[in-house]
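Per the numbering used here: the sequence shown = residues 1 to 334. From the three backbone atoms N, C-alpha and C, an ideal C-beta is built for every residue, glycine too. All figures in this text were calculated on a predicted structure; none of them were measured in a lab. I have placed the structure first, in the form of structure tokens, so that the comments after it can refer back to it.
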Amino acid sequence: VVTAAQLARYLPVQQEQVQKVIERYPLRINPYYLSLIGKPHDPIWRQVVPDIAEIDDQHGLDDPLAEDEHSPVPNLIHRYPDRVVLLVSSQCAVNCRYCMRKRKFAQPFIITAETIEAGIAYIKEHAEVRDVILSGGDPLLLDDDDLHRILENIRRIPHVEIIRIHTRVPGILPRRITRNLSQMLKAFHPLYINVHINHPDEITDQAALACNLLADAGIPLGCQTVLLKGVNDDTGVMKSLMQKLLRIRVKPYYLHHPDLIRGTRHFQTTLDVGLRIMEALRGHTSGLCVPHYMIDLPGGGGKIPLLSKYTIEKKTGKWLIRNYAGKIYEYPIT
């Protein structure tokens, strides 16, 4: 579904409003993900159905993380000393309305074999780079041969220790994860995949099968979830999501506070909400279920963990520390 008219055949949307939005920020929803929408404005709907609030928002920034400033060659981001992000695909199985690279979809987002080769050449020339993250778009929307070629060229670089793939595919187009793909990826260990799942309703039997295929190939799976108003800004929803992720062999990795992106203000929530959710997880469910709550600082300041304050006071010879249940304990200073 890529047009307002197509969307109106399946969902009760205001076609004129949708058209206004998608003239700036294109629409894309695949049939599988469309089938997960249960009712208007539910958490799946909110993530992918255009909202007039997107073009009414003039408060955000097109590139709040200053990715373009940290891009020495096209489609490569080198913000941190020892790792880079290489954009290898301009396509997504759905266009998420809160996308951190929303600006890319408001203009021609061009990735070619030449830009990928230039990115790999940059990595070869920078021996400090030990970690390469493939992103996009979605790397897993490349065909197997193209993805294999990219991975092979990166794996030949002696100083690259690990490769990561950031993908939304297992939760939004799970049939793309095949045994052939999983076995191909297996050849490039150490290789890690961070999936992007935001709501328990995205964890279907098909999504579980996709993740199991990857895990059975020995690929460690993490999840990067975005905290989104009206989607998962609720302690019960978040706890359910994290527990379900573990059941499909995915370790919750990051809970991202939403970035200050133009066109996404209706998804914004407060730091207090995020911290409250983290406190509702810590101690109340398995430690494996607790992600790092992260904020990506505007202007390219990088990711910083946000932590609840459990250390209350430092007194002579001891700390006063609050536990998950709110009780205060003394701990000696040694």
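DSSP state of residue i mapped onto helix, strand, coil
| i | result |
| --- | --- |
| His257 | coil |
| Val226 | strand |
| Glu313 | strand |
| Thr269 | coil |
| Leu76 | strand |
| Arg149 | helix |
Span of the beta strand (DSSP E) around residue i
| i | result |
| --- | --- |
| Gly136 | 131-136 |
| Lys186 | Per DSSP, Lys186 belongs to no beta strand (DSSP E); it is in the alpha helix (DSSP H), 179-186. |
| Ile302 | Residue identity check: residue 302 is Gly in the sequence provided, not Ile. Taken as a continuous stretch (DSSP letters only), the beta strand (DSSP E) holding Gly302 covers 302-305. |
| Asp68 | It is not in any beta strand (DSSP E) - Asp68 carries neither H nor E in the DSSP assignment. |
| His292 | 292-297 |
Bridge partner(s) assigned by DSSP for residue i
| i | result |
| --- | --- |
| Ser89 | Gly136 |
| His166 | Asn194 |
| Glu330 | Leu320 |
| Leu221 | Ile193 |
| Ile120 | Ile120 is not bridged to any residue. |
| Pro340 | With the chain represented from 1 up to 334, any question about residue 340 goes unanswered, as that position is not in the structure. |
| Pro252 | Cys223 |
| Arg282 | Thr285 |
| Arg83 | Asp131 |
Contacting residues, own chain, Cβ-Cβ under 7 Å from residue i (five flanking each side not counted)
| i | result |
| --- | --- |
| Val231 | Pro43, Arg46, Gln47, Asn198, His199 |
| Gly299 | Ala66 |
Residue from the options with nearest C-alpha to residue i
| i | options | result |
| --- | --- | --- |
| Gly326 | Glu279, Glu313, Pro332, His159 | Glu279 |
| Val195 | His148, Asp216, Lys251 | Lys251 |
| Met294 | Met184, Leu306, Pro108 | Leu306 |
| Ala106 | His166, Arg28, Leu255, Ser286 | Arg28 |
| Leu228 | Cys211, Thr264, Met242, Tyr253 | Thr264 |
Limits of the alpha helix (DSSP H) - the one that residue i falls within
| i | result |
| --- | --- |
| Leu320 | First-last for Leu320: 318-322, but that is the beta strand (DSSP E), not the alpha helix (DSSP H). |
| Ala5 | 4-10 |
Proximal residues to residue i (C-beta, below 6 Å), its chain only, five neighbours per side dropped
| i | result |
| --- | --- |
| Asp259 | Pro64, Met100, Asp296 |
| Leu141 | Ser89, Gln91 |
| Ser135 | Val85, Leu87, His166 |
Sequence-distant residues of the same chain with beta carbon closer than 8 Å to residue i, five excluded per side
| i | result |
| --- | --- |
| Asn323 | Gly283, Tyr310, Tyr329 |
| Lys239 | Ala280, Leu281, His284, Thr285, Cys289 |
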